[in-house]
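S.K.:
Number of protein chains: 2
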Amino acid sequence: MADSKPLFSPDGDPMAAEALLRDVFGIVMDEVIRKGTSASEKVCEWKEPEELKRLLDLELRSEGEAAERILARCREVIHYSVKTCHPHFFNQLFSGLDPHALAGRIVTESLNTSQYTYEIAPVFVLMEEEVLKKLRSLVGWSSGDGVFCPGGSISNMYAVNLARYQRYPDCKQRGLRALPPLALFASKECHYSIKKGAAFLGLGTDSVRVVKTDERGKMIPEDLERQISLAEAEGIVPFLVSATSGTTVLGAFDPLEAIADVCQRHGLWLHVDAAWGGSVLLSQTHRHLLDGIQRADSVAWNPHKLLTAGLQCSALLLRDTSNLLRRCHGSQASYLFQQDKFYDVALDTGDKVVQCGRRVDCLKLWLMWKAQGGQGLERRVDQAFALAWYLVEELKKREGFELIMENLSMCVSGSCPPACGGSRKARITVKGWLRWPRYSRSAW
Amino acid sequence: MADSKPLFSPDGDPMAAEALLRDVFGIVMDEVIRKGTSASEKVCEWKEPEELKRLLDLELRSEGEAAERILARCREVIHYSVKTCHPHFFNQLFSGLDPHALAGRIVTESLNTSQYTYEIAPVFVLMEEEVLKKLRSLVGWSSGDGVFCPGGSISNMYAVNLARYQRYPDCKQRGLRALPPLALFASKECHYSIKKGAAFLGLGTDSVRVVKTDERGKMIPEDLERQISLAEAEGIVPFLVSATSGTTVLGAFDPLEAIADVCQRHGLWLHVDAAWGGSVLLSQTHRHLLDGIQRADSVAWNPHKLLTAGLQCSALLLRDTSNLLRRCHGSQASYLFQQDKFYDVALDTGDKVVQCGRRVDCLKLWLMWKAQGGQGLERRVDQAFALAWYLVEELKKREGFELIMENLSMCVSGSCPPACGGSRKARITVKGWLRWPRYSRSAW
Chain F
1 MADSKPLFSP DGDPMAAEAL LRDVFGIVMD EVIRKGTSAS EKVCEWKEPE ELKRLLDLEL
61 RSEGEAAERI LARCREVIHY SVKTCHPHFF NQLFSGLDPH ALAGRIVTES LNTSQYTYEI
121 APVFVLMEEE VLKKLRSLVG WSSGDGVFCP GGSISNMYAV NLARYQRYPD CKQRGLRALP
181 PLALFASKEC HYSIKKGAAF LGLGTDSVRV VKTDERGKMI PEDLERQISL AEAEGIVPFL
241 VSATSGTTVL GAFDPLEAIA DVCQRHGLWL HVDAAWGGSV LLSQTHRHLL DGIQRADSVA
301 WNPHKLLTAG LQCSALLLRD TSNLLRRCHG SQASYLFQQD KFYDVALDTG DKVVQCGRRV
361 DCLKLWLMWK AQGGQGLERR VDQAFALAWY LVEELKKREG FELIMENLSM CVSGSCPPAC
421 GGSRKARITV KGWLRWPRYS RSAW
Chain X
1001 MADSKPLFSP DGDPMAAEAL LRDVFGIVMD EVIRKGTSAS EKVCEWKEPE ELKRLLDLEL
1061 RSEGEAAERI LARCREVIHY SVKTCHPHFF NQLFSGLDPH ALAGRIVTES LNTSQYTYEI
1121 APVFVLMEEE VLKKLRSLVG WSSGDGVFCP GGSISNMYAV NLARYQRYPD CKQRGLRALP
1181 PLALFASKEC HYSIKKGAAF LGLGTDSVRV VKTDERGKMI PEDLERQISL AEAEGIVPFL
1241 VSATSGTTVL GAFDPLEAIA DVCQRHGLWL HVDAAWGGSV LLSQTHRHLL DGIQRADSVA
1301 WNPHKLLTAG LQCSALLLRD TSNLLRRCHG SQASYLFQQD KFYDVALDTG DKVVQCGRRV
1361 DCLKLWLMWK AQGGQGLERR VDQAFALAWY LVEELKKREG FELIMENLSM CVSGSCPPAC
1421 GGSRKARITV KGWLRWPRYS RSAW
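Protein chains in written order, with the working numbering: chain F, 1 to 444; chain X, 1001 to 1444.
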């Protein structure tokens, strides 16, 4: 065992490995890219859980399986999975398939590195900074900070944690018990991650004060003001307002200018959860829906939704230029973030986050952007609005369907379709109206 | 705009998309899988940050770029990135390339779904449960719960959050201010995420009581007992001990049986951060290093480290059978977790987590396991130990190198290499001794 001969790996054969990867890639091309995007195929071969368990033989055993069996398993996994790239997939806030984004994801997976230091991710450290800079510029900031997070919920939690740290830096060391009772504010249509985050961060769900919305689902700034006064009267310290640009169910855009005024008057951190609606900033025609976002302190924006960058791609953007992220989250682990490296250690961005290893989430967005250009992405957003209007008009003509409401955002955009009459009868909600046209053979 | 004709997508061409994906896959095969694993190529074409910025032209512009330019960009990204699959890559706790895991990751990316409901991820909901069951069975549990998290740091945070919720369910709603002051315990060699997590969760870093370690970096149970008494004497409530199986720098395995005894005596939640060392449970020869882990309440185990499943693959395992995960994190969002679906809604596992959208992290591990079998994975772990011993013996023979220490874990294993003399002189630490043989053409 301990002689001078090198030890050899007991498993594997590089030719077999390459053949496997080629075969699996071929299966992906046939079954996902081609059939999965064809309107004449099913979105999903649906099976009840018990039957699917029997069909898949999921058990992990002691013995390995031959290559042919492994390929058959890949086919089965794909066969019984939902094709989120299918033109008829409407279940969630992501859908479609951008080939450049997928290409970026395949490169990312093959390189399999972590985003924490320049020495281990030189390209991706620089690329993440460039992508974040571009997203910040669309928000309206010429400087700032940011990081890609594992999803919008965690981006929102970061914002809350940063806001309380900025106000009470002691919190990091001494915890919430050293602080006065705190309150944050979000509308009743906000994403559920705001309450989940408040619980996780130790604030408790009671710390989230629910602000009323209007009939279109937008936060009412006057009620926000009222809720702030109520909290203060109870001896509770307001510290953050989370506005939403694109609510989950109604697609409402909170009035950011008015909310920013309130925040300014009370000295509160303004966070904008634009996980879904942030990508509208790419559209010259529709970006007014987010007017005022440049006054925010933080923005959560998920290009894996409207821009189809692929799960996960969630940016937390900050206006801060005081290194708040690193001060709030840094712990200077000496085994990873040595200070005597031969490059500027500010590039070791890993200490900005609460994770240690962190996936590379920037390449898929960067590559797609390079291929499409900002103009191409803008066309997609505009097309998504056009499709939503088309759907609305089609629904109006059909027996058995009635609109609950038309989204006010569309009406105030100045480019409202002629037939818009603001009918608000019940039966079906036009949600998912920002869905953008997916990669579909049948549609081309 | 609002007539009855379907709208067409303004961009894309399915043939071009397929060609792009084929070309990018070809580049990945040549530049990562083949050259990236060749010992005669460089691990990294290193450039200083300023030069690399110039070489890469990272800026995102308004105009899109032609297909040829995009392919050249993919080549550049790979060229200047670190090849973590290279046989000479020793920078971090992950390395190597398993072709089956990579195949699973490519399928995952192409299907691009979220792990939250059965209807959107039928295969992966069932698969995650099966993989978690297998990992739990290796811990020694015939039942329990669990979830894949975005990395070990967040898995550790989950454990802390669950422990405090179990003791004080009020915390979810009312926050930490409604609770007495709390303390958790971890050794001075524990991962830095324990302190980062304490800060993020609102407990504050002061709530982490640091327990002394012995000369090999293992937690001293007597000091743990002492620290618990000290905290109690200060009126602080101990609630969790985080032991480490495989510390980051020294690779130490804390004595879990003795620590479990202490936890039992004091009624504390025992968490084991086995992010790195958990995979040793696969080895009949070496799994004794984790003896006592079956007495834990929670275990964090990252198959993306020693098993090379690919970033990210981090399981949080729980002994709990009372639905603690869902009670602690659930918020019953009505738009996603409807209770009147046509299948058992317990399969909608998304409400167990603090994320909303969540990546599929189980397929890569499942496919690799199916291909290698438990036996194949066990051989890898054993081989990693053998390689570590080989390195130790080689180092002893070389001029200019001296061992700081040999890892005690190896000595107590009963299969210690004959030349082990416990020399402890300074110069170089044998860290990374569990690294396993990577996919390398030159080594096969």
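For each residue, glycine too, the CB sits at the ideal point set by N, CA and C. All values derive from a computational prediction rather than experimental measurement.
Does the beta-carbon distance from A1231 of chain X to A1186 of chain X come in below 8 Å?
M.R.: No, they are not a contact pair.
S.K.: Taking 8 Å as the threshold, find out whether the stretch 27-38 of chain F comes into contact with the stretch 1095-1112 of chain X through three or more Cβ pairs.
M.R.: Yes, they touch.
S.K.: Run through DSSP, which three-state label would F94 of chain F get?
M.R.: Reduced to three states, the DSSP call for F94 of chain F is coil.
S.K.: With 8 Å as the threshold, decide whether the Cβ of F1090 of chain X is near any Cβ in chain F.
M.R.: So no, F1090 of chain X is outside the interface.
S.K.: Can you pull the chain F neighbours of K1047 of chain X, defined as C-beta to C-beta under 8 Å?
M.R.: Within 8 Å Cβ-Cβ: P122.
S.K.: Let me know the secondary structure DSSP gives A274 of chain F once reduced to three states.
M.R.: Residue state, collapsed to three classes: coil.
S.K.: Spell out whether any CB of chain X is found under 8 Å from the CB atom of M127 of chain F.
M.R.: So, interface residue.
S.K.: Taking C-alpha atoms, which residue in X:V1160, X:G1400, X:C1171, X:K1212 lies nearest to K1195 of chain X?
M.R.: It is X:V1160.
S.K.: Taking the beta carbon of Q115 of chain F as the centre, do at least 16 other beta carbons fall within 10 Å, making it buried, or is it exposed?
M.R.: With 16 or more other Cβ atoms within 10 Å, it is buried.
S.K.: Identify every residue that forms a DSSP beta bridge with P1238 of chain X.
M.R.: According to DSSP, P1238 of chain X bridges with X:A1183.
S.K.: Helix, strand or coil, according to DSSP, for S245 of chain F in the structure here?
M.R.: It is a strand residue.
S.K.: Would you check if there are 3 or more beta carbon pairs closer than 8 Å linking the stretch 71-81 of chain F to the stretch 1151-1158 of chain X?
M.R.: Contact fails: fewer than three Cβ-Cβ distances are below 8 Å.
S.K.: Leaving out the 5 sequence neighbours to the left and right, which residues in its chain are closer than 6 Å to P1303 of chain X when beta-carbon positions are compared?
M.R.: Only A1309, C1313, L1365 meet the Cβ criterion.
S.K.: Relative to the C-alpha of S245 of chain F, which candidate in F:D344, F:G292, F:L126 has its C-alpha closest?
M.R.: Ranking F:D344, F:G292, F:L126 by Cα distance to S245 of chain F puts F:G292 first.
S.K.: Which residues does DSSP list as the beta-bridge partners of V299 of chain F?
M.R.: The partner list for V299 of chain F (beta bridge, DSSP) reads F:V272, F:L317.
S.K.: To which residues of the same chain is E41 of chain F closer than 6 Å at the C-beta, ignoring the five residues directly before and after it?
M.R.: Within the same chain, E41 of chain F has close Cβ partners K35.
S.K.: Please return the same chain residues whose Cβ sits closer than 8 Å to the Cβ of G204 of chain F, not counting the five positions on each side in sequence.
M.R.: So the qualifying residues of the chain are A198.
S.K.: Can you give me the Cβ contacts of H1088 of chain X inside the same chain, cut-off strictly under 6 Å, excluding the 5 residues immediately before and after it?
M.R.: Within the same chain, H1088 of chain X has close Cβ partners V1043.
S.K.: To the nearest angstrom, report how far apart E1063 of chain X and L93 of chain F are at their CA atoms.
M.R.: About 27 Å.
S.K.: Taking all protein chains shown into account, decide if T180 of chain F is buried (16 or more other Cβ within 10 angstroms of its Cβ) or exposed.
M.R.: According to the sequence provided, residue 180 of chain F is Pro. The question's Thr does not apply to it. Looking at its Cβ environment, which holds fewer than 16 other Cβ atoms inside 10 Å, P180 of chain F is exposed.
S.K.: Nearest to L391 of chain F by CA position, among F:V345, F:P169, F:F90, F:A163, is which residue?
M.R.: When only C-alpha atoms are compared, the closest one is F:F90.
S.K.: Please tell me whether I1236 of chain X has its Cβ less than 8 Å away from any Cβ of chain F.
M.R.: Not closer than 8 Å to any Cβ of chain F, the Cβ of I1236 of chain X fails to qualify, so no.
S.K.: Determine, using beta carbons only, whether L316 of chain F and V147 of chain F come nearer to each other than 8 Å.
M.R.: Yes. Within cutoff.
S.K.: If you measure from the beta carbon of H1271 of chain X to each beta carbon in chain F, is any gap under 8 Å?
M.R.: Chain F, which has no Cβ nearer than 8 Å to the Cβ of H1271 of chain X, makes this no.
S.K.: Would you call the CB atoms of L1060 of chain X and E128 of chain F closer than 8 Å?
M.R.: Their beta carbons are not under 8 Å apart, which means L1060 of chain X does not touch E128 of chain F by this criterion.
S.K.: What does the alpha-carbon distance come out to for the pair P99 of chain F and A1121 of chain X?
M.R.: Those two C-alpha atoms are separated by around 21 Å.
S.K.: What is the DSSP secondary structure of F337 of chain F, reduced to helix, strand or coil?
M.R.: Residue state, collapsed to three classes: coil.
S.K.: Chain F partners of E1109 of chain X, CB-CB under 7 Å?
M.R.: Near E1109 of chain X (Cβ distances below 7 Å), the residues of chain F are L102, R105, I106, E109, G310.
S.K.: At the level of alpha carbons, what is the spacing between G422 of chain F and L403 of chain F?
M.R.: Any answer about G422 of chain F is weak, because its pLDDT of 34 lies below 50 and its placement is not dependable; what the coordinates show is given next. Spanning the two alpha carbons is a distance of roughly 9 Å.
S.K.: Got a sec: is the Cβ-Cβ distance from L1176 of chain X to anything in chain F below 8 Å?
M.R.: Yes, its Cβ sits closer than 8 Å to a Cβ of chain F.
S.K.: Can you tell me where the beta strand (DSSP E) holding C74 of chain F begins and where it ends?
M.R.: Looking at the DSSP string, C74 of chain F is not in any beta strand (DSSP E); the run it does join, the alpha helix (DSSP H), is 67-79.
S.K.: Under a Cβ-count criterion, where at least 16 other Cβ atoms within 10 Å of its own Cβ denotes burial, should F15 of chain F be classed as buried or exposed?
M.R.: The question names Phe, but residue 15 of chain F is Met in the sequence shown. With fewer than 16 Cβ atoms within 10 Å of its Cβ, M15 of chain F is classed as exposed.
S.K.: Kindly list the residues whose CB is nearer than 6 Å to the CB of C328 of chain F, restricted to its own chain and excluding five residues on each side of it in sequence; keep chain order.
M.R.: Within the same chain, C328 of chain F has close Cβ partners L162, Y165.
S.K.: Smallest Cα separation from G202 of chain F: which of F:T213, F:E225, F:L176?
M.R.: It is F:L176.
S.K.: Please state if the CB of L268 of chain F and the CB of Q240 of chain F are separated by a distance shorter than 8 Å.
M.R.: Residue identity differs from the one stated: residue 240 of chain F is Leu in this sequence, not Gln. Yes, they are a contact pair.
S.K.: Is the Cβ of I1404 of chain X closer than 8 Å to any Cβ of chain F?
M.R.: No - not a single Cβ of chain F is within 8 Å of the one on I1404 of chain X.
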